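Novice:
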Amino acid sequence: MAWIAKHKIETLIAGLFFILLFLRFFNMEVRSPEYDELWTIHNYVNIPAGKIFTDVVTPNNHPLNSFLIRISTSFFGMSMFTIRLPALLAFCGLFALCIAAARNFMNSTAARAAFLLLVLLNGGILHYAETARGYSLQTFFVFAAFLSLLLFEKFREQKKKTVLYGLLFLLSAAGTCLSVSSGVIFITALTAAWWIFHTPFREGLRSIFIRQKILWIFLVLFALFVLLWYGGNYSEFAKGRNSFGTSITGFFPFLLFAGDTLYATGAAVMVLAAVAGLFLVRDLEKQRLLRTILGTVLLVLLSAVVLKGGPPRVYLPLLPLSAFAFGVFFDDLIERSEKLRKYGNLILVAICAAGVLWSNKQYQEWSDPDLGAAWQELKEKVSPEIFIAYRPTDAYVLFSIFGEEIVKDNFRRMESPRLLMLFHDNELGCINFSDKSSRIFPVSAPANESGVLKAGIPYWIYLLRKPRSGENLNRKNVICIISGTTYPAILAPDSWLKKEFAVVNFFFTRNLTSLELPVVNVFAAGSPSMTAEEMNRLEREDSSIRFYVLGE
5 MAWIAKHKIE
15 TLIAGLFFIL
25 LFLRFFNMEV
35 RSPEYDELWT
45 IHNYVNIPAG
55 KIFTDVVTPN
65 NHPLNSFLIR
75 ISTSFFGMSM
85 FTIRLPALLA
95 FCGLFALCIA
105 AARNFMNSTA
115 ARAAFLLLVL
125 LNGGILHYAE
135 TARGYSLQTF
145 FVFAAFLSLL
155 LFEKFREQKK
165 KTVLYGLLFL
175 LSAAGTCLSV
185 SSGVIFITAL
195 TAAWWIFHTP
205 FREGLRSIFI
215 RQKILWIFLV
225 LFALFVLLWY
235 GGNYSEFAKG
245 RNSFGTSITG
255 FFPFLLFAGD
265 TLYATGAAVM
275 VLAAVAGLFL
285 VRDLEKQRLL
295 RTILGTVLLV
305 LLSAVVLKGG
315 PPRVYLPLLP
325 LSAFAFGVFF
335 DDLIERSEKL
345 RKYGNLILVA
355 ICAAGVLWSN
365 KQYQEWSDPD
375 LGAAWQELKE
385 KVSPEIFIAY
395 RPTDAYVLFS
405 IFGEEIVKDN
415 FRRMESPRLL
425 MLFHDNELGC
435 INFSDKSSRI
445 FPVSAPANES
455 GVLKAGIPYW
465 IYLLRKPRSG
475 ENLNRKNVIC
485 IISGTTYPAI
495 LAPDSWLKKE
505 FAVVNFFFTR
515 NLTSLELPVV
525 NVFAAGSPSM
535 TAEEMNRLER
545 EDSSIRFYVL
555 GE
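In our numbering, the protein residues as written are 5 to 556.
1. Specify the secondary structure class of E453 as computed by DSSP and reduced to three states.
2. In three-state terms, what does DSSP make of S326?
3. In chain order, what residues of the same chain lie with their CB nearer than 6 Å to the CB of L182, ignoring the 5 residues before and after it?
4. Taking the DSSP output, what are the residues bridged to E431?
5. Can you give the Cα-Cα distance for Y132 and A149, rounded to whole angstroms?
6. Are three or more beta carbon pairs between the stretch 101-120 and the stretch 253-263 nearer than 8 Å?
7. Going by DSSP in three states, M274 sits in which element: helix, strand or coil?
8. How should L120 be labelled, buried or exposed, when 16 other C-beta atoms within 10 angstroms of its C-beta is the threshold for buried?
9. Following the continuous beta strand (DSSP E) through F391, name the residue where it begins and the one where it ends.
10. I need the boundaries of the alpha helix (DSSP H) containing S186, first residue and last residue.
11. What residues match up with T250 in a beta bridge as DSSP calls it?
12. Run the CB neighbour count on N452, radius 10 Å, all protein chains shown included, and call it buried at 16 or more, exposed below.
13. Assuming I483 and A528 make a contact with CB atoms under 8 Å, what is their CB distance in whole Å?
14. Short check: CB of A308 to CB of G314, under 9 Å?
15. Can you tell me whether DSSP reads M534 as helix, strand or coil?
16. Expressed to the nearest angstrom, what Euclidean distance is found between the alpha-carbon atoms of L27 and D429?
17. Between which residues of its own chain and Q366 is the CB-CB distance below 7 Å, once the five residues before and five after are set aside?
18. Which residues bound the alpha helix (DSSP H) around V230?
19. Does DSSP put R541 in a helix, in a strand, or in coil?
20. Going by beta carbon distance, what residues of the same chain come within less than 7 Å of Y48, once the five residues before and after it are set aside?
21. So is P324 buried or exposed if we call it buried at 16+ other beta carbons inside 10 Å?
22. Please identify the residue among N478, I297, P471, Y39 whose C-alpha is closest to the C-alpha of A196.
23. Let's see if you can read the secondary structure: which residues bound the alpha helix (DSSP H) around A53?
24. Identify the continuous alpha helix (DSSP H) that holds A377 and give its terminal residues.
25. What residues in its chain sit with their C-beta under 7 Å from that of K266, if we drop five residues either side in the sequence?
26. Considering Cα atoms alone, identify which of D413, F512, I486 is closest to E545.
27. Taking the straight line between their C-alpha atoms, what separation do you get for A136 and V304?
28. DSSP has R1 in a bridge; who is on the other side?
29. So, E556 versus R469, is the Cβ gap smaller than 9 Å?
30. Apply the 10 Å Cβ neighbour rule to G208 and answer buried if 16 or more other Cβ atoms are within range, or exposed otherwise.
31. Counting C-beta neighbours from all protein chains within 10 Å, is the total for R74 16 or more, i.e. buried, or is it exposed?
32. Helix, strand or coil for V508, going by three-state DSSP, please let me know.
33. Report the option in C96, E419, S186 whose CA atom is closest to the CA atom of S387.
34. What is the rounded straight-line gap between the Cα of S454 and the Cα of L467?
35. Tell me L423's beta-bridge partners as DSSP assigns them.
36. Is there contact between the stretch 454-464 and the stretch 372-381, where contact requires at least three CB pairs shorter than 8 Å?
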């Protein structure tokens with residue numbers, strides 16, 4: 005009890021960590037799986053390890069995460085908890101690393117606590133701690149590589165420790181790359197920034213080499229790893245890069261991208277504090293730390309210009325680095341200001357309160373809506389006369405969760421629909437016949453009703469009506485429902501159906517025959533070249549075909 009009384013802040017931080025850990029345990033079991041998680045389970049967990057680490061073209065495959073899920077499920081069985089366990093362990097490891105970094109490079113208890121709070125209460129960190137993706141692992145390994153470099157420099161006179169930290173850097177760097185393929189960008193930026201700001205260039209090349217030779221050995225080994233893994237899979241990486249990310253050209257688009265990314269990850273204020281620290285911090289070692297982190301952030305963001313920019317989750321590893329920079333800055337100010345020392349705990353309480361409020365907002369933004377809870381609401385409250393058109397990724401998730409139950413619900417809604425319901429971005433998402441790629445038809449008609457489900461998903465409801473004779477179908481969406489024995493004939497390669505229509509709720513309807521239900525599918529087209537007269541004629545000739553126009 006005496007230790008707790010003496011270390012109140014440390015005890016509170018530890019208590020907060022265990023509360024957050026308990027909430028992660030709870031969410032891991034009850035939160036519905038996301039599309040990317042299910043794709044990983046269905047396509048990578050039960051394949052050979054060699055295939056996991058060489059199939060790098062698919063963004064859904066984060067190799068090390070897939071491999072660790074394979075191990076976790078082999079020991080503890082398949083469940084949402086076991087597939088998310090590697091991400092949770094990475095979160096715990098990140099907390100341990102942050103404690104080590106704070107104890108080694110910050111003197112003030114308030115600064116240490118502020119750093120830990122900013123990491124623990126970040127919405128992105130919390131979300132990916134309970135999600136079976138590679139971002140939690142990569143964040144852990146990037147910070148481990150960063151801390152290894154700092155400790156290598158701190159204990160450079162002790163040979164055994166330099167070998168140890170050099171080895172830890174190598175393992176962390178490799179883990180960063182294997183977690184998510186963008187890892188080489190983080191390690192290259194981090195190493196370059198550290199080397200520039202921690203190398204005494206005035207001492208000459210020979211002296212520099214002697215000082216850093218052990219680290220250089222591990223850097224060469226890492227370069228060999230990069231050459232073997234990235235070089236050996238270069239064609240696959242090139243395919244993945246072409247299909248993923250956004251090209252950024254120009255100074256102002258880059259500034260907009262950088263600002264949006266730092267804001268979304270929660271690092272913006274901390275990066276600005278680090279910039280201020282360049283002018284206010286007097287301690288030379290802390291100055292080097294701030295420059296190293298800011299250099300890393302800048303180089304990582306600039307890589308988006310040369311390669312491509314990704315969504316905020318790709319840059320999540322920058323958050324702990326930015327929080328560390330804030331902690332270093334805060335620590336220096338507390339050391340030099342008696343007033344700050346006096347009110348340090350009050351500032352800490354303010355940071356904690358702001359962190360909790362901001363974290364909850366961030367967590368909601370990072371998390372996908374709970375589709376399982378959403379469908380339970382739809383099943384109970386939405387009339388069977390409303391056909392629900394899910395976007396392909398949602399249909400994939402819902403079929404994986406509910407199977408036959410949702411397929412039968414979808415079939416009942418096909419029988420005599422009067423209305424159609426859309427979600428998310430008010431677009432009609434489908435799957436193409438030819439290559440099974442996704443296709444989107446924007447909807448311009450006014451909705452009969454709109455709102456938001458309890459799960460946080462916006463929805464729109466539209467009238468389904470028959471095509472009117474002489475009607476211009478340009479910029480209109482047409483729904484086609486086909487049932488009965490004529491269905492296979494309509495799928496001929498040159499049929500009107502394949503030329504203009506795509507499949508709605510593909511992941512439900514492709515399983516109808518296995519459930520011994522009649523063969524019925526729903527198709528959609530945007531601005532079809534077919535006329536209303538042709539559609540009406542087809543309906544008269546074959547009663548198994550029905551056409552509807554979306555909206556009044």
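Note that CB positions come from ideal geometry on N, CA and C, so glycine has one too.
The model shown is predicted, which means the values in this text are computed figures rather than measured ones.
Specialist: Inspection of the coordinates gives the following:
1. strand
2. helix
3. P67, L68
4. P446
5. 20 Å
6. no
7. helix
8. buried
9. 390-392
10. Taken as a continuous stretch (DSSP letters only), S186 belongs to no alpha helix (DSSP H), as it is neither H nor E.
11. G313
12. exposed
13. 6 Å
14. yes
15. coil
16. 30 Å
17. N126, G127, G128, G270
18. 209-236
19. helix
20. I56, N65, S70
21. buried
22. I297
23. 53-58
24. 375-385
25. Note on residue identity: the sequence assigns Leu, not Lys, to residue 266. Result list for L266: A272, V275, in chain order.
26. I486
27. 24 Å
28. Residue 1 is absent from the model: the chain starts at 5 and stops at 556.
29. yes
30. exposed
31. buried
32. strand
33. E419
34. 12 Å
35. I390, L467
36. yes
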